[in-house]
Amino acid sequence: MISAPSSSAHDPAKLALADGTVVRGRALGHRGLTGGELCFNTSMTGYQEITTDPSYRGQLMMMTQPHIGNYGASAEAMEARKPMIAGLIVRDSPRCHSNPQADESLEDFMRRHSLVGISGVDTRALVRHVRDRGVMNAVISSDPLDDETLVQKAQDWPSMAGLELASEVTVAEPYTFCEGPGPRIAVYDFGVKQNILRSFRRRGCTVKVMPQDTALGEVLAWEPDGLFFSNGPGDPRPMEAAIDRVGNAIDTGLPIFGICLGHQLMALAQGFEVYKMHVGHRGANHPVKNLDTGQVEVTTQNHGFAVDSASIAPEVARVTHLNLNDDTIEGLRFKTFAGLSLQYHPEASPGPHDSHYHFDAFLKLVARERGLTLPETTPSSATITV
Amino acid sequence: MPKRTDLDTILLIGSGPIVIGQACEFDYSGSQSARALMDEGYRVVLVNSNPATIMTDPLMADEVYLRPLTPSSIAQIAREEEPDAVLPTMGGQTGLNVAQDLKEDGFWEEEGIEVIGVDIDTVQITEDRQEFRTLMDDIGLDQSRSNTAKSLLEAKEITQELGGVPVVIRPSYTLGGSGGGIVWNAEDFEEMVTRGLELSPAHQVLIDECLFGWKEYELELLRDPNDNVIIIASIENVTPMGVHTGDSVTVAPQQTLTDKQFQRMRDAAIKAMNSIGTFAGGCNIQFAFEPGTGRMIVIEINPRVSRSSALASKATGYPIAKVASKLAVGYTLDELPNEITGDTSACFEPSLDYVVTKIPRFNFDKFEGVDEELTTQMKAVGEVMSIGRTFNESLQKAWQSLEIGYAGLGADRADADPDTVRERLKTPHWDTLLHVRHAFRQGASVEEVHDITQIDPWFLYQIQDLVALEAEIRQTPLHEMDERGLRAAKRAGFSDEQIAYLVPGDTGDREVRAHRTAHDITPTYQVVDTCAGEFPAETPYYYSSYETVNESTVTDRDKVLILGSGPNRIGQGIEFDYSCVHGVKAAQEMGYEALMLNCNPETVSTDFDVADKLYFEPVFWERVQDVIDLEQPEGVILQLGGQTAIKLGERFEEDGIEIFGTSYSKMDLVEDRGKFTDILQTLEIPFPPYGVAHSVGEAVATADRLGYPTLIRPSYVLGGEGMRIAINRDEVATYVENILSIYPDNEILLDRFLQDAIELDVDTVCDGEEVWIAGIMQHIEPAGVHSGDSTAVLPPFELSADVLATVREHVRAIAFELGVVGLMNVQLIVRGETVYVIEANPRASRTVPFIAKAKGIPIPAIATKVMLGESLATFREAGALESDLSGYAIKEPVFSWDKFPEVPKELGPEMKSTGEAIAFVDSLDDEHFEQPYEMKDLYLSQ
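Those sequence lines, one after another, are chains A and B.
Position 87 of the first sequence, counted from 1, bears residue number 163 in my numbering, the numbering being contiguous throughout.
Position 318 of the second sequence, counted from 1, bears residue number 727 in my numbering, the numbering being contiguous throughout.
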């Protein structure tokens, strides 16, 4: 029903949705077949950060900005060691990029990392399609398969609901990311974005990254001053072991910070409920109101699940941040322990830097709880270095 | 915080007459602001001296003062009206300056009037280059190296410290960068510095390190009383640094910065905006970026709604002026809804899933001897904006919008020769991108073109792609072109006319259209929704593209399509926007669904909540026809869109599309001098002796026959384009050669020039039954000065009753003979008791808004209803045609001479003014009359 032209200079490719929609375009990046949950991101910059964000594991990412690849790809834009999305869908992929600082083109980057993509499709029509019908699975293929087979493959692709994916993106072994004069932060890695780690580093912290299934005792043996539960892909609800571990961590009395999946796990550990959203929030322009200050932050978001506000026990936690577009929960401050959690991404990358202050807020909490003095650092994000 | 309840009356200051650098974008912001404040229940008192604006319409504010924007006149109004607050940020630099003057006089404080929307104490910081530098240093933002000089000697020393020329000279406190520019060599240095020192009211100039080749960006910001700041749009200049942003081709959103670079810019912008005092409102910040080193510097901050705010509003759908006004009265961003989605918050940053291109429109042809090279001083008189799903689509649409005869970015005529192309690309010009295209056609590489032009290679690759596609089209005869190839061409913005030109064989655009529609290749319309499709949007604001889903649902209501007047230019500007807005409202009142089509972002008529549906499209035949094919309106209204819309009339008639009002064949009678003269002869109306010529020889012979001085001009032009008065054979030959080189196939009209005569402008509405003379204006200057450039008085001040009766008779006779239904403007000359008719225009004219304001009669609204079938009698009976003018209204032309120092300040039959002001006087012993009257013979060039 939705069709798009393709240039003879390129290999053809198809995008097939589980509801039977088939769209034609040109192959982008690696040739082959890939599948996942079809979602879209409205951020106008940062395609490479999005491509490498572990939270997007298993998803086919459709960018709403029509020209994707304009400034190529470079090492500094990596949020993980390799791309994490299952596939990339764009309206137009420019023949050449322009950026003296780039290492390679997006096309070369995708080929090098075997990332399958498709370009030349009417992304706006698909965004509206998904918006109205809800998220669904799809496949991208440059293999010459007929429409019916592709739709069947999309339908057979495992659903994201009930899917645990963090184990696929967590680190294999614990490692020290950085050492500094500040608090010791243990990071439970469910697919942590590099800029979260960098954000702690900028503030002088010593950061150790732990695989997501590390026993709590092992983490405590490292003598952390604070615990961090990272962002990550998939549905938090089936992650029973992780939820138990978060519950036990809370009992230690250590200050805890959670972002995105980490936030959802903390909520689940407190007996709150999490639900799958109709389309989710993915972009870099979502307004979030800080209910304590009345200030609004323009935030980076990437989540398909959210904490149900009705399930929050007021004696356990207080809503600190709300999404102004749909009033969904964006931040919690816990009353039963020294903890705070955010649904959105204060580390940005890509996206506005309005929310960097949360790292300072958490470290202040750590300092207070642990009787520490924070090192004098100037977080580079807060200053304009030119 | 909700809105403030301690304010009752708010004084809103407009921007005055249109000049280069400050045009009708401020009518847009002022109108939006007035509407927003009235919606909130405030009493709005508005002052602006520009009668051509919508904002000065009685509907727009509780009290409208058409008064000069001087401190004394504002003070007088403020004393009468006793406002609680003044909002000076909607009226450009003019509005802000006058508010600042009154602040310095202590006026606002004395009267207890609060200045809102800006921190008036800190405005100076953004205007005084040195103070601005100090502030930016304090908050840690990098800047170009520079220093302020108060003398030529100081200037020399500073330039030496910067490493010599090239440097940029910028006089302090001038509008649109008047008197500024790059000095490339030592010879020009002294002259430029001296002129800059003279032009600056503070007699100081800033000498800047030359940033030629850096990329330039603009961010549009909003800040609320809670210090929440959001970025509404990022705009990237395709033209690199060195060209005034008003003269640059720009795109939104920015295309070539990485997220990390862009966020650095965003952080800097927020920091900068928060550093200029405490206020809530809009702000515009310009940056330069050096791609090699990643160095980014702040260029300029405008703590007010700017030219780019209008563009950013149209580009994103986010109503900046409206929201800025609400923030100024106390709202915070999170309290306001996004009006486009209706359902999400206004506190967000629009995401665009399309590319917007703005191209400035110039009028160099009006200024003989002008330097056409683009510099840091703005020269453009208008602009077009276009929206496409890709850069190339929007670029081609923008060229279709410019209305200079192009059907896209070239590919519709023979290319310029390589030498011309090479020469033209060396310095920035209005048609640089066209020559970039030529260069690629001629085999140049992206690297070569980049070296010469410094344009970011990303844009160059895009244009190279267009040329590659063009090459494919050239190889395939139309009937062999398949669906895929055609669609690819249409998706890249190629018009049917371009494709017809490119394909082998003799093919017309109609054939291309027929061929593509047979293949089901028709445009889809997408909504400008601020959110890239993330949320449903209900705003009826559309642009065309060749995508897969059409989002414009056609209703079953009766519809009328109103064509706008395209980009502003000298002779056709804001006046037609005024008429279009009234036309839309009138059509709605008559029960029609009003569809508006235009491509001028500086207009009120293209605000998303004016018409029932807005198509932001080129006023270009193909794009208009596409909309008609989709909407199937009952008819179109051409009379309100100036010459732009009228020019399309022939195709409407050929295609059997109903034109509301005067028929095309009748309109055409007026354009054809021979036919028009036949009519005048039939009606026994005198006209100056004239002749038609097609060559230099013919013209000289004709001039000899008519006698000298002779008025010479090309046929079918607007605003007296190319019009000259010749006093001998040599001059005739020179002028005609010149005209034929610009308009090769045009006829040349020669008139005997009547000396020492009085010129009149008459605007009239006819319903077929009766002719209503809406107004007669008498020019103070003698005939020969273009009507747009002359000072004119309403009603006439020294004509006998007999002459006036003759004038009316002539006008009536012409209107009936032509079967005018709607508007007509007639220009006449009176010598002695003889009344000659020199021209008739069966459409809205430049003077319609002036007369409407002076008399308090909504002329274009009445005319629109007449076109749609209402009779004048209805209005007459309702008393709607009665004037409330007592005394005289004087139209005063305003020029932008300071932008073209090399052009002689002469007036003639070619229009040169950019704007106008209105003055009401009780009697003629007033300086507004006496001064122009005394000087009336001074400027006429011979």
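Positions of the beta carbon are idealized from the N, C-alpha and C atoms, including for glycine.
Just so you know, these numbers come straight off a predicted model, no measurement behind them.
- Looking at the DSSP output, residue 1170 of chain B shares a beta bridge with B:1186, B:1236.
- For residue 86 of chain A, no chain B residue has a C-beta closer than 7 angstroms to its own C-beta; the minimum C-beta separation is roughly 12 angstroms.
- Taken in chain order, the region 738-765 of chain B contains no complete beta strand (DSSP E) segment of 3 residues or longer.
- The straight-line gap separating the alpha-carbon atoms of residue 1004 of chain B and residue 1023 of chain B is approximately 6 angstroms.
- In this structure, residue 712 of chain B keeps its C-beta atom at 8 angstroms or more from the C-beta atom of residue 473 of chain B.
- Non-local beta-carbon contacts of residue 155 of chain A in its own chain, meaning distances under 6 angstroms to residues more than five positions away in sequence, involve 125, 128, 129, 269, 270 in chain order.
- Scanning chain B for C-beta atoms nearer than 8 angstroms to the C-beta of residue 400 of chain A yields 743, 753, 754, 756, 757, reported in chain order.
- In this structure residue 768 of chain B is in contact with residue 807 of chain B, their Cβ atoms being roughly 5 angstroms apart against a cut-off of 8 angstroms.
- In the three-state DSSP reduction, residue 601 of chain B falls in the helix class (H, G or I).
- About 5 angstroms separates the beta carbons of residue 215 of chain A and residue 229 of chain A, which is inside the 8 angstroms limit, making them a contact pair.
- Interface residue (Cβ-Cβ distance to chain A less than 8 angstroms): residue 957 of chain B is classified as such.
- Within the model, the alpha-carbon separation for residue 143 of chain A versus residue 198 of chain A is close to 12 angstroms.
- Looking at the backbone, the Cα of residue 1210 of chain B and that of residue 1169 of chain B are separated by about 14 angstroms.
- Here DSSP, grouped into helix, strand and coil, assigns residue 777 of chain B to coil.
- Sixteen is the threshold: when 16 or more other Cβ atoms of the shown chains lie within 10 Å of the Cβ of residue 653 of chain B, as they do, the residue is buried.
- When DSSP states are grouped into helix, strand and coil, residue 1152 of chain B belongs to the coil group.
- For residue 543 of chain B, there are no C-beta contacts with chain A under 8 angstroms, since the nearest C-beta of that chain is about 17 angstroms from it.
- Taking 8 angstroms as the CB threshold, residue 763 of chain B lines the interface with chain A.
- Residue pairing of residue 565 of chain B in beta bridges, as defined by DSSP: absent, with no partner found.
- Under the criterion of beta carbons closer than 8 angstroms, residue 932 of chain B and residue 750 of chain B do not qualify as touching, at roughly 24 angstroms.
- For residue 488 of chain B, the enclosing alpha helix (DSSP H) starts and ends at 480-490.
- DSSP places residue 135 of chain A in the uninterrupted beta strand (DSSP E) bounded by 135-139.
- Just so you know, the alpha carbons of residue 540 of chain B and residue 547 of chain B end up roughly 11 angstroms apart.
- Neighbourhood of residue 942 of chain B in chain A, by CB distance below 7 angstroms: 140, 200, 203, 204, 207, in chain order.
- A Cβ-Cβ separation of about 11 angstroms leaves residue 469 of chain B out of contact with residue 446 of chain B under the 8 angstroms criterion.
- For a Cβ distance threshold of 7 angstroms, nothing in chain B lies close to residue 183 of chain A: the least Cβ distance comes to about 13 angstroms.
- In this structure, the straight-line span from the alpha carbon of residue 937 of chain B to that of residue 1012 of chain B is close to 17 angstroms.
- Look at the region 428-446 of chain A: the residues with a C-beta under 9 angstroms from a C-beta of chain B are 428, 429, 430.
- Looking at the DSSP output, residue 233 of chain A sits in no beta bridge, so it has no partner there.
- Using beta-carbon distances, residue 180 of chain A does not count as an interface residue toward chain B, since no partner is under 8 angstroms.
- Here residue 788 of chain B has 429, 656, 771, 1308 as same chain residues with Cβ atoms under 7 angstroms from its own Cβ, once five neighbours each way along the sequence are excluded.
- In the structure shown, residue 440 of chain A falls within a helical segment according to DSSP collapsed to helix, strand and coil.
- Within chain B, the C-beta atoms nearer than 9 angstroms to that of residue 424 of chain A come from 668, 672, in chain order.
- Put simply, the CB of residue 287 of chain A is far from chain B, with every gap to its CB atoms at 8 angstroms or more.
- Beta-bridge partners assigned by DSSP to residue 433 of chain A: none are found.
- Shown here, residue 1332 of chain B sits in coil according to DSSP, grouped into three states, outside any helix or strand.
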